[in-house]
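Engineer:
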Amino acid sequence: MDTSELTKEKRTERPEEIKAVPVRHPGRWIAAAIVLLFAAAAVRSIVTSQGFQWHVVGHYLFDSRILHGVLATVYLTALCQGIGIVLGVVAAVMRLSPNPIVSGASWLYIWFFRGTPLLVQILFWYNIAALFPTISLGIPFGPTFVHAHANSIVTPLVTAMLGLGLNEGAYMSEIVRAGIISVDEGQTLAAQSLGMSRLQIMRRIVLPQAMRVIIPPTGNETISMLKNTSLLIVASYGELLFSAQSIYDVNYKVIPLLIVASIWYLVMTSVLYVGQYFVERRFGRGFTRAERATMRSRWLTFGAGSMAR
Amino acid sequence: MTAMVKAEAVHKRFGRLEVLKGITLEVDRGEVMCILGPSGSGKSTFLRCINHLDKINAGRLYVDGELVGYRERGAKLHELPEREVARKRAQVGMVFQHFHLFPHMTALENVTLAPVQVSKVSRDEARKRGTELLGRVGLADKLNTYPVALSGGQQQRVAIARALAMRPKLMLFDEPTSALDPELVGEVLEAMRQLAREGMTMIVVTHEMGFAREVADKAVFMDDGVVVEAGQPEDVLGSPKHERTRTFLSKVL
Ligand SMILES: Nc1ncnc2c1ncn2[C@@H]1O[C@H](COP(=O)(O)OP(=O)(O)O)[C@@H](O)[C@H]1O
Ligand SMILES: [Mg+2]
Chain A
-19 MDTSELTKEK
-9 RTERPEEIKA
1 VPVRHPGRWI
11 AAAIVLLFAA
21 AAVRSIVTSQ
31 GFQWHVVGHY
41 LFDSRILHGV
51 LATVYLTALC
61 QGIGIVLGVV
71 AAVMRLSPNP
81 IVSGASWLYI
91 WFFRGTPLLV
101 QILFWYNIAA
111 LFPTISLGIP
121 FGPTFVHAHA
131 NSIVTPLVTA
141 MLGLGLNEGA
151 YMSEIVRAGI
161 ISVDEGQTLA
171 AQSLGMSRLQ
181 IMRRIVLPQA
191 MRVIIPPTGN
201 ETISMLKNTS
211 LLIVASYGEL
221 LFSAQSIYDV
231 NYKVIPLLIV
241 ASIWYLVMTS
251 VLYVGQYFVE
261 RRFGRGFTRA
271 ERATMRSRWL
281 TFGAGSMAR
Chain B
182 MTAMVKAEAV
192 HKRFGRLEVL
202 KGITLEVDRG
212 EVMCILGPSG
222 SGKSTFLRCI
232 NHLDKINAGR
242 LYVDGELVGY
252 RERGAKLHEL
262 PEREVARKRA
272 QVGMVFQHFH
282 LFPHMTALEN
292 VTLAPVQVSK
302 VSRDEARKRG
312 TELLGRVGLA
322 DKLNTYPVAL
332 SGGQQQRVAI
342 ARALAMRPKL
352 MLFDEPTSAL
362 DPELVGEVLE
372 AMRQLAREGM
382 TMIVVTHEMG
392 FAREVADKAV
402 FMDDGVVVEA
412 GQPEDVLGSP
422 KHERTRTFLS
432 KVL
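The following block contains the structure:
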């Protein structure tokens, strides 16, 4: 048999393009209809219910005191999350140190701040003046350099930084540590063989790769931080919820003002989502396995067609 | 003239497990030594010891006439401080079985990182030399490509260029072609062959018999932490004296 003749024929004549009838998915349409029905009912009750007082919401949405609170919340979130990230990196590197005192100190820090409620920590810092009326900075049993009254140092802002920042550092350190551990040891070996120092390897090789693992949970942490700033209401810090409260304390429009605050919290967390997307893309360079199942592609394959995977 | 690498009864333990049980050998300047031996015989460990990545427990190991990892003062050995160790590592290039390129950097960035960070070469200077080195291993068109987009053979050639960028006096290769698809082995061996022709001192752990016969000045067969047989490649590989060497070679070929 002449096989070369056969293969030749197959190669020259390209078969017709497949145009298959897509599989129908009636179940998806039914599920979608039920979800939409519930959504419509919910929207109707929210819009028409008297208790929500939408005109009041509209009136206060751009009130200068509210906007001021929004700015304060953004500022606090950035500041405290920044402190948390720096502390987290330091604590994570310390935790991985071969020196048992250094890694033990880091462990103790994480244990304490993860093991007590954030609200308790904030109240504690807010009332620290009762515990230490004066604060001095110096060498133990040696000379003092700074000496001050606690009340003048521990302002609401400092309470915020201590309460939220220290707590966040403990959580961030676990995230950073997981990221560092996730980097292949061969990377360190290769960098060492090039003569790089431990610090250089951490900074140029390990941390940039750990970022890919660190960023998604850090995005979540930032969103939590944004919402947790509202706990500072107990420390009289003028963030968003405090602003809303100071208004409804006077006019008793509690629900509408809580809605105003919620709308702003949603706006801010949405902005964070977008930011996280871009940061993830930046640190995903060199790792192209990133999932690209976008919303758009999900819509395109919704009703019919073959679903990949 | 002193040898580039001189090992005298080198011992290395991991906990209770003795991995190197008295390695004695010498590699002269400009020489290529091929080491072969079964998996687990301590070949990688020996290379890591030469590059100060592992500390030896007994014996003496010298690179370019200087003790590795320690400083001898009178009768006592002092551990070298981290900075000294790093400085010495920078003078020895190392190429790994699994490449270990830095995935978050382009080929050129991989090659320029250490010269800029460690040798404090200017960025422009490093780029110029990096471009030239990548050209020499046939990757002039891949300067700005990330490792994921390179084949195994291309990645290994970037890794060779990365090591050469530090102008090492000695190059260590740990099974540089073992992780490659068969059709990609040749291009990596060719880059190594060229390096040997230029007079680089090299220690190569490999099971590529053809390469060993053609390029190596010395061949060493290691098993269970000892050198079983050493000598001219044609003798060790062609007419081995020891039974263990014969058994191993019959399995590899
Ligand atoms: N870091 C380490 N800790 C403990 N044991 C190790 C370590 N590195 C290597 N070994 C052991 O040393 C022996 C030799 O390993 P290796 O040098 O990698 O051999 P080869 O490269 O010849 O295959 C093996 O039994 C291995 O398990
Ligand atoms: Mg090995």
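Which chain is which? The protein sequence lines are A and B, in order. Residues -19 to 289 in the numbering used here are what the first sequence lists, from first letter to last. Residues 182 to 434 in the numbering used here are what the second sequence lists, from first letter to last. For each residue, glycine too, the CB sits at the ideal point set by N, CA and C.
1. Apart from the five residues on each side of it in sequence, which residues of its chain come closer than 6 Å, Cβ to Cβ, to V386 of chain B?
2. A273 of chain A to I26 of chain A, Cα distance in whole Å?
3. Going along chain A, which residues have a C-beta under 9 Å from E389 of chain B?
4. From which residue to which residue does the alpha helix (DSSP H) around E165 of chain A run?
5. Would you say F277 of chain B lies against chain A (beta-carbon separation less than 8 Å)?
6. Per DSSP, what kind of secondary structure is G221 of chain B in: helix, strand or coil?
7. Taking the alpha-carbon of T205 of chain B as reference, which of B:V408, B:S420 and B:F429 has the nearest alpha-carbon?
8. Any residue with its C-beta under 5 Å from a non-hydrogen atom of ligand 1 counts. Can you list them all in chain order?
9. Using a Cβ-Cβ cut-off of less than 7 Å, give me the residues of the segment 196 to 230 of chain A that come near chain B, in sequence order.
10. For W52 of chain A, does the three-state DSSP call read helix, strand or coil?
11. Name the chain A residues that come within less than 8 Å of E439 of chain B, Cβ to Cβ?
12. Against L234 of chain B, what residues of chain A qualify as contacts under a CB-to-CB distance less than 8 Å, listed in chain order?
13. Would you kindly work out how many angstroms separate the C-alpha atoms of S286 of chain A and R4 of chain A, rounded to a whole number?
14. Sorted by chain position, which residues of the same chain lie with C-beta nearer than 6 Å to E368 of chain B's C-beta, five sequence neighbours on each side aside?
15. Count the other CB atoms within 10 Å of the CB of F93 of chain A; is the residue buried (16 or more) or exposed (fewer)?
16. Helix or strand or just coil, what does DSSP make of S116 of chain A?
17. Pull up the DSSP beta-bridge partners for A411 of chain B, would you.
18. Across which residues does DSSP place K193 of chain B in a beta bridge pair?
19. Could you give the distance in angstroms between the alpha-carbon of A215 of chain A and the alpha-carbon of L103 of chain A?
20. Do you know how far the Cα of A271 of chain B is from the Cα of G255 of chain B?
21. Of all the residues that make up the segment 152 to 166 of chain A, which are near chain B by a beta-carbon distance shorter than 7 Å?
22. According to DSSP, T198 of chain A sits in a beta bridge with which residue or residues?
23. Go through its chain and collect everything with a Cβ distance to L365 of chain B's Cβ below 7 Å, but skip five positions before and after it.
24. Over the uninterrupted alpha helix (DSSP H) stretch that includes L314 of chain B, give me the two end residues.
25. Label K169 of chain B either buried or exposed according to how many other C-beta atoms from any shown protein chain fall within 10 Å of its C-beta, with 16 as the threshold for buried.
26. Between V50 of chain A and the rest of its own chain, which residues show a CB-CB distance below 6 Å, the 5 nearest in sequence each way excluded?
27. Can you tell me whether DSSP reads M185 of chain B as helix, strand or coil?
28. Heavy atom of ligand 2 less than 7 Å from the Cβ of D450 of chain B, yes or no?
29. Any idea if S116 of chain A is buried or exposed, counting beta-carbon neighbours within 10 angstroms, 16 or more meaning buried?
30. Can you tell me whether T114 of chain A is buried or exposed? The criterion is at least 16 other CB atoms within 10 Å of its CB, across all chains shown.
31. Using a Cβ-Cβ distance under 8 Å, would P188 of chain A count as near chain B?
32. Can H281 of chain B and G264 of chain A be called in contact, C-beta distance under 8 Å?
33. Using a Cβ-Cβ distance cut-off of 8 Å, determine whether Q335 of chain B contacts chain A.
34. In angstroms, rounded to a whole number, what distance separates the CA positions of T57 of chain A and E201 of chain A?
35. Tell me which residues share the same chain as S222 of chain B and place their Cβ nearer than 8 Å to its Cβ, disregarding the 5 neighbours each side in the sequence.
36. Kindly list, in the order they appear in chain B, the residues whose Cβ is closer than 7 Å to that of I185 of chain A.
Structural biologist: On the basis of the supplied data:
1. So the list reads I216, K224, D355 and E356, once near-sequence residues are dropped.
2. Only weak support is given to the placement of A273 of chain A: the predicted model assigns it a pLDDT of 46, under 50, and the value that follows is read from those uncertain coordinates. Going from the Cα of A273 of chain A to the Cα of I26 of chain A covers about 33 Å.
3. Those within 9 Å of E389 of chain B in chain A number zero; the least Cβ separation is about 22 Å.
4. Where E165 of chain A is concerned, the enclosing alpha helix (DSSP H) starts and stops at E165 to S173.
5. Closer than 8 Å to some Cβ of chain A, the Cβ of F277 of chain B qualifies, so yes.
6. Note: G221 of chain B maps to coil in three-state DSSP.
7. For the set B:V408, B:S420 and B:F429, the Cα lying nearest the Cα of T205 of chain B is the one of B:V408.
8. Chain-ordered list of matching residues: B:F195, B:V200, B:S220, B:G221, B:S222, B:G223, B:K224, B:S225 and B:T226.
9. Flagged: no residues at all.
10. Reading off the sequence shown, one finds Ala at residue 52 of chain A, where the question assumed Trp. If DSSP states are grouped into helix, strand and coil, A52 of chain A belongs with the helices.
11. Residue 439 of chain B lies beyond the range of chain B shown here (182 to 434); nothing can be said about it.
12. Residues of chain A passing the Cβ test: L169, Q172 and S173.
13. Note on S286 of chain A: pLDDT 43, under 50, position unreliable in the model; the coordinate value appears next. For S286 of chain A and R4 of chain A, the distance between alpha carbons rounds to 9 Å.
14. So the qualifying residues of the chain are G334.
15. Classification for F93 of chain A: buried.
16. S116 of chain A falls in the strand class under three-state DSSP.
17. Beta-bridge analysis with DSSP links A411 of chain B to B:V401.
18. For K193 of chain B, which the question treats as bridged, DSSP gives the partners B:L201.
19. Those two C-alpha atoms are separated by around 7 Å.
20. Separation of G255 of chain B and A271 of chain B (C-alpha to C-alpha, rounded to the nearest whole angstrom) is 27 Å.
21. Here the close residues are G166.
22. For T198 of chain A, which the question treats as bridged, DSSP gives no partner whatsoever.
23. These residues qualify, in order along the chain: S332, G333 and G334.
24. It spans R304 to R317 - the alpha helix (DSSP H) in which L314 of chain B sits, taken as one unbroken run.
25. Because chain B spans 182 through 434 in this model, residue 169 of chain B falls outside it and cannot be assessed.
26. Excluding its 5 nearest sequence neighbours in each direction, V50 of chain A has C-beta neighbours in its own chain below 6 Å: L220 and W244, listed in chain order.
27. The answer is coil: DSSP assigns M185 of chain B none of H, G, I, E or B.
28. There is no way to answer for residue 450 of chain B, as the model of chain B reaches only from 182 to 434.
29. Around the beta carbon of S116 of chain A, fewer than 16 other beta carbons lie within 10 angstroms, which makes this residue exposed.
30. It counts as exposed.
31. The Cβ of P188 of chain A sits closer than 8 Å to at least one Cβ of chain B.
32. No. Outside cutoff.
33. The beta carbon of Q335 of chain B sits no closer than 8 Å to any beta carbon of chain A.
34. So the two alpha carbons sit approximately 10 Å from each other.
35. Excluding residues within five positions, the ones whose Cβ falls inside 8 Å are M403, D404, D405 and G406.
36. The contacting residues are F283.
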